[in-house]
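Report on the structure given below.
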Ligand SMILES: C[S@@+](CC[C@H](N)C(=O)[O-])C[C@H]1O[C@@H](n2cnc3c(N)ncnc32)[C@H](O)[C@@H]1O
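The structure is reproduced here in structure tokens:
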């Protein structure tokens, strides 16, 4: 990862978000202790490359099996909705906010979802460990806007994340960014347009004013819509490696 994002003295990316809010109900606490360890895709404390094993994601036996990644899933409504609608697709969800992880675990159990794995920490501790060219769709939905100029560097959507995502994205993979914060939308668009491995796909205003088809709403999106705000939906494609300039 580049020098742009703030790091702690050990070189680990600095984390500024909330880890926890209200006390969890006993059932959700139990899910964190029992179900979460079964679903963890990797140990956040390790630097080892992630091995999906035979039953998850693309493998030697199933190289074209589709894998999607959601970064900052919040309470997981979008992730569980997508996983339910696409049982043939595998999903990795990253979210360091414990209450959000617990809410998703409750849905995974209740919906009996088998195609989700989790990483309960900062996604930047995972990206460089995922296999190259393994992910076909990435969602960054309503990320924390860090609106103050002096905090802009904390934004997750920036050049170094795009470079890390380009490595693990398959050729022509989709990267979907949504936000109701127009300052962040402009920032994300500029970062995507300046990046040599991603291209913005919009051809008409509706391509960014409206969500893509089969869209599963998110909690923050619903909140924005209730306030009368109009989110933007930016879709980028990973330029195939043979055409991408470096
Ligand atoms: C504003 S919330 C949006 C949640 C959800 N995507 C939605 O639209 O309802 C942003 C989420 O991103 C998570 N987040 C922030 N930085 C992250 C990072 N580096 N890695 C993974 N998740 C992150 C936060 O914990 C928070 O839950």
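Numbering (our numbering), first residue to last: 76 to 321.
Backbone N, C-alpha and C define an ideal beta-carbon position, used for all residues, glycine too.
message: Between the alpha carbons of residue 299 and residue 101, how many angstroms are there, rounded?
response: On the chain shown, position 224 is the one that residue 299 refers to. On the chain shown, position 26 is the one that residue 101 refers to. The straight-line gap from Cα to Cα measures roughly 31 Å.
query: Smallest Cα separation from residue 313: which of 213, 167, 137?
result: Position 238 of the chain shown, counted from the start, is the residue given in the question as residue 313. Minimum Cα distance to residue 313 is reached at 213.
query: So does the stretch 153-161 actually touch the stretch 222-234, counting three or more Cβ pairs closer than 8 Å?
result: no
query: Just to check, is the beta-carbon of residue 216 closer than 7 Å to a non-hydrogen atom of ligand 1?
result: Against the chain shown, residue 216 aligns to sequence position 141. Because some heavy atom of ligand 1 lies under 7 Å away, the Cβ of residue 216 counts as near it: yes.
task: Enumerate in chain order the residues of its own chain whose CB-to-CB distance from residue 316 is below 7 Å, with the five nearest sequence positions on each side excluded.
output: Taking the chain shown and counting its residues from 1, the one referred to as residue 316 is at position 241. Result list for residue 316: 246, in chain order.
Identity of the residue in 128, 205, 191, 150 nearest residue 119 by Cα: Taking the chain shown and counting its residues from 1, one reaches residue 119 at position 44. With distances taken between Cα atoms, residue 119 lies closest to 205.
message: Below 8 Å, how does it come out for the stretch 186-194 and the stretch 212-227: are there three or more Cβ pairs, yes or no?
response: no
- request: Would you please state the rounded distance, in angstroms, between the beta carbons of residue 267 and residue 237? I believe it to be under 8 Å.
  value: For the purposes of this step, residue 267 is taken as residue 192 along the chain shown, with counting starting at 1. For the purposes of this step, residue 237 is taken as residue 162 along the chain shown, with counting starting at 1. The pair is a contact, with the Cβ atoms about 7 Å apart (cut-off 8 Å).
task: Quick one: give me the first and last residue of the alpha helix (DSSP H) that residue 295 is part of.
output: For the purposes of this step, residue 295 is identified with residue 220 of the chain shown, where counting begins at 1. It spans 294-301 - the alpha helix (DSSP H) in which residue 295 sits, taken as one unbroken run.
field: Inter-stretch contact (C-beta, 8 Å, three-pair minimum) for the stretch 267-276 and the stretch 304-313
entry: yes
Secondary structure, beta strand (DSSP E): runs of 3+ residues fully inside the stretch 218-258: 244-254
- prompt: Taking one C-beta from the stretch 173-187 and one from the stretch 115-134 each time, how about it: are there three or more such pairs within less than 8 Å?
  reply: no
task: Please work out which residues of its chain come closer than 6 Å, Cβ to Cβ, to residue 90, disregarding the five sequence neighbours upstream and downstream, and give them in chain order.
output: The residue labelled residue 90 in the question sits at position 15 within the chain shown. So the list reads 197, once near-sequence residues are dropped.
task: Please confirm whether any heavy atom of ligand 1 lies closer than 7 Å to the CB of residue 238.
output: Against the chain shown, residue 238 aligns to sequence position 163. Not under cutoff, so the answer is no.
field: Closer than 7 Å: residue 232 CB and nearest ligand 1 heavy atom
entry: Looking up residue 232 in the chain shown gives position 157. It does not: the Cβ of residue 232 is nowhere closer than 7 Å to a heavy atom of ligand 1.
message: I want to check one thing, is the minimum distance from the CB of residue 306 to the heavy atoms of ligand 1 below 7 Å?
response: Counting from one through the chain shown, the residue named residue 306 turns up at place 231. Not so, every heavy atom of ligand 1 lies at least 7 Å from the Cβ.
query: For residue 252, is the beta carbon positioned less than 7 Å from some heavy atom of ligand 1?
result: Working through the chain shown from its first residue, we reach residue 252 at position 177. It does not: the Cβ of residue 252 is nowhere closer than 7 Å to a heavy atom of ligand 1.
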